Each structure stands twice: as C-alpha cells, then as structure tokens.
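Residue numbers (my numbering): 10 to 107. Notes for the one structure printed next.
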Ligand code: H2B
C-alpha cells in the first residue's frame, strides 16, 4: 500500500528515479531545493504542487524565500517514507521543468 513505510532497499530504488533529492541520514525523509527564475515562477510551482497534494491528500513540508523553494517529504502517519512521498517528489520534478 502507498501509505506503508518503505524499507531501505525500496527507498534506494525509488530515490534513483528522482532528480536532486537527498535522503536524510535516518532514511526518514527526502529533501530537495528548487530554484526558479523569480518569485512568480516559484509560486506558480507551489500552486501546482498544492493542488496535486490536495488531490493526493499528501502534503509537503516546505518553505519559500523569493525564488527558492525548500521541500522535505515524509509520511507523518507512517513515521517515515512511503510510496506517496516518491509519487509527490516525481510530480514536483516534472512541475519544476514545465
Ligand atoms: N501529508 C503527509 N506528508 N503525511 C501524512 O501523514 C499526511 C499528509 N496525512 N496529509 C494526511 C494528510 C492525513 O492527516 C489526512 C487526515 O488524511
């Protein structure tokens, strides 16, 4: 199930399909910094992600400073990384490029 905690091997495999995400030392979350042209582009990205997150009922921990968006993903309910985190990370990678 998508909300079940992934084991270390599954985490490594899922991480290999993403771009620029780093794994926390405890394997409990993944993080990435996105940098855009300006604030408007950064906020447009955040808006697209927010709508996807609502649809998924899975939400990022993130912050924005001007054109930079810092994101950390994990599944609070599972206390670690699940398939949902990698699904949302993949969407963020795609949205950041279009
Ligand atoms: N987002 C994240 N990142 N982790 C969760 O465990 C989570 C969530 N749980 N969004 C959802 C909402 C839960 O609180 C609701 C009730 O489904």
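Cβ atoms here follow ideal geometry from the backbone N, Cα and C, with glycine treated the same way. Just so you know, these numbers come straight off a predicted model, no measurement behind them.
Cβ-based burial, residue i [other Cβ within 10 Å; buried from 16]
{"i": "residue 85", "result": "exposed"}
{"i": "residue 98", "result": "buried"}
{"i": "residue 74", "result": "exposed"}
Pairwise C-alpha distance: residue j and residue i
{"i": "residue 14", "j": "residue 30", "result": "18 Å"}
{"i": "residue 9", "j": "residue 87", "result": "Residue 9 lies beyond the stretch modelled for the chain, which goes from 10 to 107, so this question has no answer here."}
{"i": "residue 101", "j": "residue 68", "result": "12 Å"}
{"i": "residue 58", "j": "residue 104", "result": "8 Å"}
{"i": "residue 16", "j": "residue 72", "result": "28 Å"}
{"i": "residue 12", "j": "residue 38", "result": "14 Å"}
{"i": "residue 46", "j": "residue 56", "result": "16 Å"}
{"i": "residue 18", "j": "residue 28", "result": "18 Å"}
Residue i and residue j closer than 7 Å at C-beta
{"i": "residue 76", "j": "residue 51", "result": "yes"}
{"i": "residue 81", "j": "residue 40", "result": "yes"}
{"i": "residue 78", "j": "residue 43", "result": "yes"}
Given 8 Å as the limit, is there contact between the segment 61-72 and the segment 22-35, that is, 3 or more CB pairs closer than that? Put simply, the segment 61-72 does not touch the segment 22-35. Fewer than three CB pairs are less than 8 Å apart.
Stretch-stretch touch, CB-based, cutoff 8 Å, three pairs: the segment 23-30 with the segment 84-99: Touching, per the Cβ criterion.
Run the Cβ filter for me: residues under 6 Å from any heavy atom of ligand 1, listed in the order they occur in the chain. 66, 67, 68, 84, 85, 86
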